[in-house]
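Novice: A single structure is presented below for examination.
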Amino acid sequence: MEQNHRKLKPVDELYLQRAYELAGRGIGDTAPNPPVGAVVVRDGRTVGEGYHHSAGQSHAEPTALDRAGAAARGATMYVSLEPCSHVGRTPPCTSALIEAGIVRVVAGALDPTDHGGAARLRESGIDLVVANDPAARDLIEIFAGSARRDRPYVALKMAVSLDGRISQHRGTRERIGSDAEAAYVRELRIAYDAVMVGAGTARVDDPQLTVRPAHRRERLYTRVIVCERDGLDARRRIFEAEEGYAPTMVLAPQGLRDRLGQLEKCANLLFVGPAGSQKLDLVDAMKALRAAGIFSVLCEGGPTLAAGLIAARQVDRFYWAIAPRIFGNSEAAPVLAGSDLSGARLRFDRVDRAGPDLVISGTMTYV
Numbered sequence: 000m001e002q003n004h005r006k007l008k009p010v011d012e013l014y015l016q017r018a019y020e021l022a023g024r025g026i027g028d029t030a031p032n033p034p035v036g037a038v039v040v041r042d043g044r045t046v047g048e049g050y051h052h053s054a055g056q057s058h059a060e061p062t063a064l065d066r067a068g069a070a071a072r073g074a075t076m077y078v079s080l081e082p083c084s085h086v087g088r089t090p091p092c093t094s095a096l097i098e099a100g101i102v103r104v105v106a107g108a109l110d111p112t113d114h115g116g117a118a119r120l121r122e123s124g125i126d127l128v129v130a131n132d133p134a135a136r137d138l139i140e141i142f143a144g145s146a147r148r149d150r151p152y153v154a155l156k157m158a159v160s161l162d163g164r165i166s167q168h169r170g171t172r173e174r175i176g177s178d179a180e181a182a183y184v185r186e187l188r189i190a191y192d193a194v195m196v197g198a199g200t201a202r203v204d205d206p207q208l209t210v211r212p213a214h215r216r217e218r219l220y221t222r223v224i225v226c227e228r229d230g231l232d233a234r235r236r237i238f239e240a241e242e243g244y245a246p247t248m249v250l251a252p253q254g255l256r257d258r259l260g261q262l263e264k265c266a267n268l269l270f271v272g273p274a275g276s277q278k279l280d281l282v283d284a285m286k287a288l289r290a291a292g293i294f295s296v297l298c299e300g301g302p303t304l305a306a307g308l309i310a311a312r313q314v315d316r317f318y319w320a321i322a323p324r325i326f327g328n329s330e331a332a333p334v335l336a337g338s339d340l341s342g343a344r345l346r347f348d349r350v351d352r353a354g355p356d357l358v359i360s361g362t363m364t365y366v
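Just so you know, the sequence shown maps onto residues 0 to 366 in numbering that gives the first Met the number 0.
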């Protein structure tokens with residue numbers, strides 16, 4: 000990975016931070032593209048800003064250049080991600096920079112795909128500096144994860160007691176986290192194309208799986224229920240129509256077609272696997288979600304689905320919300336159940352407070 004952070008001046012870091020702030024405005028809307036922000040600076044003054052609003056619309060760099068106009072000639076562009084040289088629904092950003100007369104580009108991170116335009120910028124005589132900044136890489140973590148695979152980027156969030164339990168008794172609903180932890184999770188949902196739970200959680204908890212307070216975005220939110228055995232009651236709250244939300248998706252093996260037919264009026268049914276199959280292959284299920292236009296998923300349990308996703312090597316990031324409680328009860332339900340998880344390797348990288356709760360997050364890889 001290229002690294003020349005030493006060339007950055009304090010003023011460069013200041014304008015890069017502004018580019019990151021702008022990029023953050025597009026989080027949740029830009030899939031399958033990354034969120035990107037750009038700032039054009041000439042003679043110590045910002046002359047243009049922009050960010051990528053959604054796929055198919057103008058990228059951050061051309062938007063910032065349009066706002067800068069003639070002042071872009073001889074200017075520096077600060078951009079959260081290496082400008083692209085890809086011809087897709089929009090022209091290459093590198094062409095726009097070259098034509099506008101930009102003389103220097105400071106990028107927060109390199110593009111993890113083969114669409115990056117660093118070589119072309121340098122060939123054209125533009126001075127390119129890549130910060131290789133962790134903050135810039137965090138902005139594109141979901142994009143980078145989904146771009147490398149034929150499945151969505153998957154984050155797993157679980158709320159647990161200190162002794163790793165989710166309720167006093169199996170099959171019962173119990174609130175583990177605080178109100179602050181619940182608000183933390185609702186904000187997490189903004190960044191993901193879909194929020195997913197198992198059918199057991201849908202029956203026991205009857206969740207809405209919405210962002211509250213409402214956060215408008217251009218890309219519709221999707222709620223997903225993974226169902227393997229029994230049918231579901233169409234009167235559950237997760238099936239209620241919500242402004243800004245696509246119809247709830249039910250993901251199930253082909254063998255459940257007859258039992259789930261009554262949900263056709265209130266849900267999108269996505270069946271996976273061979274005819275008559277009763278067990279859902281989670282690898283194939285995640286591929287089916289990707290084919291359906293879902294590029295990122297936040298899974299909120301329960302324990303069987305969570306363990307199954309880890310065992311199937313489908314989880315990229317985890318959020319473990321730990322409440323200051325100890326059940327100490329042999330009948331209490333464990334946070335993960337029923338699968339061999341020995342192949343998973345964890346790396347902690349974030350710790351947050353959510354009221355009285357502690358949220359530990361990190362990445363998950365496999366051996």
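By construction, the Cβ of each residue, glycine as well, lies at the ideal position given by its N, Cα and C atoms.
Closest to residue 334 by C-alpha separation, out of 160, 115, 147, would be which residue?
Specialist: By one-based count along the sequence shown, residue 334 stands at place 335. Considering only alpha carbons, the answer is 160.
Novice: Tell me which same chain residues have a C-beta within less than 6 Å of the C-beta of residue 63, skipping the five on either side of it?
Specialist: For this step, residue 63 is matched to residue 64 along the sequence shown. Cβ within range, chain order: 37, 39, 47, 48, 49.
Novice: Please go through the same chain and pick out, in chain order, the residues whose beta-carbon is closer than 8 Å to the beta-carbon of residue 251, but skip the five residues on each side of it.
Specialist: Numbered from 1 along the sequence shown, position 252 holds the residue referred to as residue 251. Contacts found: 225, 226, 227, 259, 268, 269, 270, 271, 279.
Novice: Along the chain, where does the beta strand (DSSP E) that runs through residue 178 open and close?
Specialist: Along the sequence shown, read from residue 1 onward, the residue named residue 178 stands at position 179. Premise fails: residue 178 lies in the alpha helix (DSSP H), 178–187, not in any beta strand (DSSP E).
Novice: How big is the Cα-Cα spacing for residue 244 and residue 322?
Specialist: Sequence index remark: in the sequence shown, residue 244 carries index 245 (1-based). Sequence index remark: in the sequence shown, residue 322 carries index 323 (1-based). Distance between the alpha carbons of residue 244 and residue 322 is about 30 Å.
Novice: Expressed to the nearest angstrom, what Euclidean distance is found between the alpha-carbon atoms of residue 248 and residue 291?
Specialist: Translated into positions along the sequence shown, residue 248 becomes position 249. Translated into positions along the sequence shown, residue 291 becomes position 292. Spanning the two alpha carbons is a distance of roughly 10 Å.
Novice: If we ignore side chains and look at the alpha-carbon of each, how far apart do residue 58 and residue 25 end up?
Specialist: By 1-based counting over the sequence shown, the position of residue 58 is 59. By 1-based counting over the sequence shown, the position of residue 25 is 26. Residue 58 and residue 25: Cα-Cα distance of roughly 11 Å.
Novice: For residue 109, tell me which candidate among 218, 117, 357 has the shortest Cα-Cα distance.
Specialist: Indexing the sequence shown from 1 puts residue 109 at position 110. Nearest option by C-alpha distance: 117.
Novice: Report yes or no: do the stretch 290–309 and the stretch 126–139 share at least 3 C-beta pairs separated by less than 8 Å?
Specialist: No: fewer than three Cβ pairs fall under 8 Å.
Novice: Ignore the nearest five residues each way along the sequence and tell me which others in residue 4's own chain have a CB closer than 7 Å to its CB.
Specialist: As a working mapping, residue 4 is identified with position 5 in the sequence shown. In this prediction, residue 4 scores a pLDDT of 48, lower than 50, which makes its location untrustworthy; no coordinate-derived value is stated.
Novice: Given that a residue counts as buried once 16 or more other Cβ atoms are within 10 Å of its Cβ, and exposed if not, what is residue 105?
Specialist: Stepping through the sequence shown from its first residue, residue 105 is reached at position 106. Buried, by the Cβ-count rule.
Novice: Reducing DSSP to helix, strand and coil, say where residue 220 ends up.
Specialist: Against the sequence shown, residue 220 aligns to sequence position 221. Note: residue 220 maps to strand in three-state DSSP.
Novice: Check each candidate in 99, 344, 127, 287 and name the one with the smallest Cα separation from residue 66.
Specialist: Along the sequence shown, one-based indexing puts residue 66 at 67. Checking every option, the nearest Cα to that of residue 66 belongs to 99.
Novice: With 16 other CB atoms within 10 Å as the buried threshold, where does residue 142 fall?
Specialist: In the sequence shown, residue 142 corresponds to position 143, counting from 1. Flag for residue 142 reads buried.
Novice: Using DSSP with H/G/I as helix, E/B as strand and the rest coil, what is residue 247?
Specialist: Here residue 247 refers to the residue found at position 248 of the sequence shown. Residue state, collapsed to three classes: strand.
Novice: Are residue 86 and residue 313 touching if we call contact CB-CB under 8 Å?
Specialist: For the purposes of this step, residue 86 is taken as the residue at position 87 of the sequence shown. For the purposes of this step, residue 313 is taken as the residue at position 314 of the sequence shown. Not in contact: residue 86 and residue 313 (Cβ atoms no closer than 8 Å).
Novice: Confirm, please, whether the CB-CB distance from residue 203 to residue 171 is below 8 Å.
Specialist: Here residue 171 refers to the residue found at position 172 when the sequence shown is read from its first residue. Here residue 203 refers to the residue found at position 204 when the sequence shown is read from its first residue. A contact, by the Cβ cut-off of 8 Å.
Novice: Residue 213: buried (16+ other C-beta within 10 angstroms of its C-beta) or exposed?
Specialist: In the sequence shown, residue 213 corresponds to position 214, counting from 1. So residue 213 counts as exposed.
Novice: Going by other Cβ atoms of all chains shown within 10 Å of its Cβ, with 16 needed for buried, is residue 320 buried or exposed?
Specialist: As a working mapping, residue 320 is identified with position 321 in the sequence shown. So residue 320 counts as buried.
Novice: Residue 199: buried (16+ other C-beta within 10 angstroms of its C-beta) or exposed?
Specialist: For the purposes of this step, residue 199 is taken as the residue at position 200 of the sequence shown. Under this definition residue 199 is a buried residue.
Novice: At 3 residues or longer, what runs of the beta strand (DSSP E) sit wholly inside the stretch 23–73?
Specialist: Listed in chain order, the complete beta strand (DSSP E) runs (minimum 3 residues) inside the stretch 23–73 are 36–41, 44–50.
Novice: May I ask you to list the residues that DSSP assigns as paired with residue 195?
Specialist: Looking up residue 195 in the sequence shown gives position 196. Paired residue(s): 223, 298.
Novice: Report all residues from its chain with a CB closer than 8 Å to the CB of residue 217; omit the five preceding and five following residues, and keep chain order.
Specialist: If you number the sequence shown from 1, residue 217 lands on position 218. Contacts found: 28, 52, 53.
Novice: Indicate the three-state DSSP secondary structure (helix, strand or coil) for residue 336 in the structure shown.
Specialist: Along the sequence shown, read from residue 1 onward, the residue named residue 336 stands at position 337. DSSP places residue 336 in coil when its eight states are reduced to three.
Novice: Would you say residue 82 and residue 296 are within 8 Å of each other, going by their C-beta atoms?
Specialist: Numbered from 1 along the sequence shown, position 83 holds the residue referred to as residue 82. Numbered from 1 along the sequence shown, position 297 holds the residue referred to as residue 296. Contact: no.
Novice: Take residue 207 and list the residues in its own chain whose beta-carbon comes closer than 6 Å to its own, dropping the five residues that flank it on each side.
Specialist: Counting from one through the sequence shown, the residue named residue 207 turns up at place 208. These residues qualify, in order along the chain: 236.
Novice: Ignore the nearest five residues each way along the sequence and tell me which others in residue 346's own chain have a CB closer than 7 Å to its CB.
Specialist: What you label residue 346 is simply residue 347 of the sequence shown in a count that begins at 1. These residues qualify, in order along the chain: 361, 362.
Novice: Quick check on residue 203: does DSSP put it in helix, strand or coil?
Specialist: Numbered from its first residue, the sequence shown carries residue 203 at position 204. In this structure, residue 203 counts as helix in the three-state DSSP scheme.
Novice: Counting beta carbon pairs with one atom in the stretch 179–191 and one in the stretch 324–338, are three or more of them shorter than 8 Å?
Specialist: Touching, no, given that fewer than three Cβ pairs across the two stretches are closer than 8 Å.
Novice: Along the chain, where does the beta strand (DSSP E) that runs through residue 233 open and close?
Specialist: Walking along the sequence shown from the start, residue 233 turns up at place 234. Neither: residue 233 is in no beta strand (DSSP E) and is coded neither H nor E.
Novice: By the three-class DSSP mapping on this structure, what secondary structure does residue 252 have?
Specialist: What you label residue 252 is simply residue 253 of the sequence shown in a count that begins at 1. Here residue 252 sits in strand by DSSP.
Novice: Taking residue 221 as the reference, give the member of 353, 253, 266 with the closest Cα.
Specialist: The residue labelled residue 221 in the question sits at position 222 within the sequence shown. Answer by Cα proximity: 266.
Novice: Note the first and the last residue of the continuous beta strand (DSSP E) segment covering residue 171.
Specialist: For the purposes of this step, residue 171 is taken as residue 172 along the sequence shown, with counting starting at 1. Premise fails: residue 171 is in no beta strand (DSSP E) and is neither H nor E.
Novice: Pop quiz: residue 354 and residue 177 are said to be a contact at Cβ under 8 Å. What is the actual Cβ separation, rounded to whole angstroms?
Specialist: As a position in the sequence shown, residue 354 is number 355, starting the count at 1. As a position in the sequence shown, residue 177 is number 178, starting the count at 1. Confirmed, about 4 Å.
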